[in-house]
Amino acid sequence: MSSQQTILFIFTSADKLLNGAPTGWYVPEAAHPYYALKPHFNIDSASTKGGAAPVDQSSVENFKDDESVKFMNSDAEAKKLYTETKKISEVDAKDYAAIFVIGGHGPMIDLAEDKAFAKLVGDFYAAKKPVSAVCHGPAALVSSKTPSGDSILKGAEVTGFSNAEEAQTPYNDFVNILPFSLEDRLSELSGGKYTKAKEDWGVKVVWDQGILTGQNPASAKALGEKLAEILQKA
Numbered sequence: 009m010s011s012q013q014t015i016l017f018i019f020t021s022a023d024k025l026l027n028g029a030p031t032g033w034y035v036p037e038a039a040h041p042y043y044a045l046k047p048h049f050n051i052d053s054a055s056t057k058g059g060a061a062p063v064d065q066s067s068v069e070n071f072k073d074d075e076s077v078k079f080m081n082s083d084a085e086a087k088k089l090y091t092e093t094k095k096i097s098e099v100d101a102k103d104y105a106a107i108f109v110i111g112g113h114g115p116m117i118d119l120a121e122d123k124a125f126a127k128l129v130g131d132f133y134a135a136k137k138p139v140s141a142v143c144h145g146p147a148a149l150v151s152s153k154t155p156s157g158d159s160i161l162k163g164a165e166v167t168g169f170s171n172a173e174e175a176q177t178p179y180n181d182f183v184n185i186l187p188f189s190l191e192d193r194l195s196e197l198s199g200g201k202y203t204k205a206k207e208d209w210g211v212k213v214v215w216d217q218g219i220l221t222g223q224n225p226a227s228a229k230a231l232g233e234k235l236a237e238i239l240q241k242a
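Using our numbering, read the sequence shown as starting at 9 and increasing by one per residue.
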């Protein structure tokens with residue numbers, strides 16, 4: 009039954025951007041999917057280093073909605089997810105129904121080129137288990153391959169944080185702050201199939217070829233609801 013299935017949430021362990029500015033995972037991109045999924049599934053977590061995953065403090069300050077505040081302040085079970093993560097190198101895709109990468113700029117720094125994580129995602133993909141990510145989370149998928157050696161993103165319609173949205177943040181320097189443009193990399197690997205909402209910061213969720221992606225923080229809840237729907241139909 010779906011209530012017995014477990015979804016693996018992935019948190020970044022990166023706490024600094026290339027210029028040394030603080031970063032981490034983004035609160036609503038964990039909280040909103042968590043509360044969409046928790047009634048139906050067990051949730052486990054992992055990160056590159058294991059242990060406590062660094063939160064982007066700007067997301068704590070900027071998102072005061074009920075679910076984000078509850079996730080950070082009063083939900084003891086949720087708190088364990090980001091304070092007691094397993095190491096990515098110690099988890100196995102066979103133990104989970106799906107994988108979900110939480111955004112924040114952190115995944116651009118550590119998960120995008122983490123070999124153990126690339127293999128883990130490839131294992132989920134090969135097993136036809138949903139691979140999902142939101143906002144900058146899809147950066148964590150850029151190194152993963154299919155069993156035949158192609159990018160898992162090849163030919164897949166995909167979304168993620170856009171260049172236009174990045175330009176409205178302090179982090180649009182793709183040399184000194186971030187290692188690459190997420191939109192450009194996703195477009196390149198997918199064969200030009202990157203897509204985004206008509207309006208900046210609008211909700212956009214895409215499910216194609218076993219990959220579920222959400223564009224930005226506003227898309228996080230819809231992504232969680234879509235992942236629940238996919239797993240309940242499986």
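The C-beta atom is built at its ideal place from N, Cα and C for all residues, glycine as well. In this text, all values refer to a predicted model and were calculated from it rather than measured experimentally.
Can you tell me which residues form a DSSP beta bridge with residue i?
i, result
"Asn50", "Thr14"
"Phe79", "Answer is none; Phe79 lacks a bridge partner."
"Tyr202", "Val166"
"Phe182", "Beta-bridge pairing links Phe182 to no other residue."
"Ala141", "Val109, Thr221"
"Ser159", "Lys153"
"Gly272", "Given a span of 9 to 242 for the chain in the structure shown, any question on residue 272 remains unanswerable."
"Asp216", "Ile219"
"Thr93", "Gly59"
"Pro5", "Residue 5 is absent from the model: the chain starts at 9 and stops at 242."
"Phe19", "Ser55"
Using CA coordinates, which residue listed in the options is at the minimum distance from residue i?
i, options, result
"Ser159", "Leu45, Asp52, Pro146, Val68", "Pro146"
"Gly200", "Val183, Glu165, Val211, Asn184", "Glu165"
"Ala203", "Gly232, Thr91, Glu98, Asn171", "Position check: residue 203 holds Thr in this sequence, whereas Ala was assumed. Looking at the Cα atoms, Asn171 is the closest of the given residues."
"Lys136", "Leu190, Leu220, Ile96, Gly210", "Leu220"
"Pro36", "Gly218, Phe182, Val142, Ser152", "Val142"
"Tyr43", "Gly112, Lys78, Gly111", "Lys78"
"Gly59", "Glu98, Glu207, Gly168", "Glu98"
"Ile38", "Asp122, Gly112, Leu161", "Note that residue 38 is Ala in the sequence shown here, rather than Ile. Residue Gly112 is the option with its Cα nearest to Ala38."
"Lys123", "Lys153, Lys102, His144", "Lys153"
"Thr167", "Ala175, Ser140, Glu85", "Ser140"
"Leu161", "Ala134, Asp74, Leu26, Asn81", "Ala134"
"Thr31", "Asp118, Ser82, Lys46", "Asp118"
"Ile110", "Asp52, Asp83, Thr177", "Asp52"
"Lys102", "Gly28, Ser66, Leu128", "Leu128"
Assuming contact is defined by CB atoms lying nearer than 8 Å, are residue i and residue j in contact in what I supplied?
i, j, result
"Ala230", "Val213", "yes"
"Pro41", "Phe108", "yes"
"Trp33", "Gly114", "yes"
"Trp209", "Lys234", "no"
"Ala105", "Ile15", "yes"
"Gln223", "Phe182", "no"
"Ser55", "Ser21", "yes"
"Pro148", "Ile18", "One detail in the question is off: residue 148 reads as Ala in this sequence, not Pro. A contact, by the Cβ cut-off of 8 Å."
"Val68", "Tyr90", "no"
"Leu194", "His144", "no"
"Asn27", "Asn184", "yes"
"Lys95", "Lys46", "no"
Mind reading off the beta-carbon distance from residue i to residue j? Whole number of angstroms is fine, and I expect it under 8 Å.
i, j, result
"His48", "Ala242", "The pair is not a contact, with the Cβ atoms about 12 Å apart (cut-off 8 Å)."
"Val150", "Leu197", "6 Å"
"Ala126", "Thr93", "Incorrect: roughly 18 Å between the Cβ atoms, too far for contact."
"Asn50", "Gln13", "7 Å"
"Pro155", "Gly218", "Actually they do not touch by this definition, with Cβ atoms about 13 Å apart."
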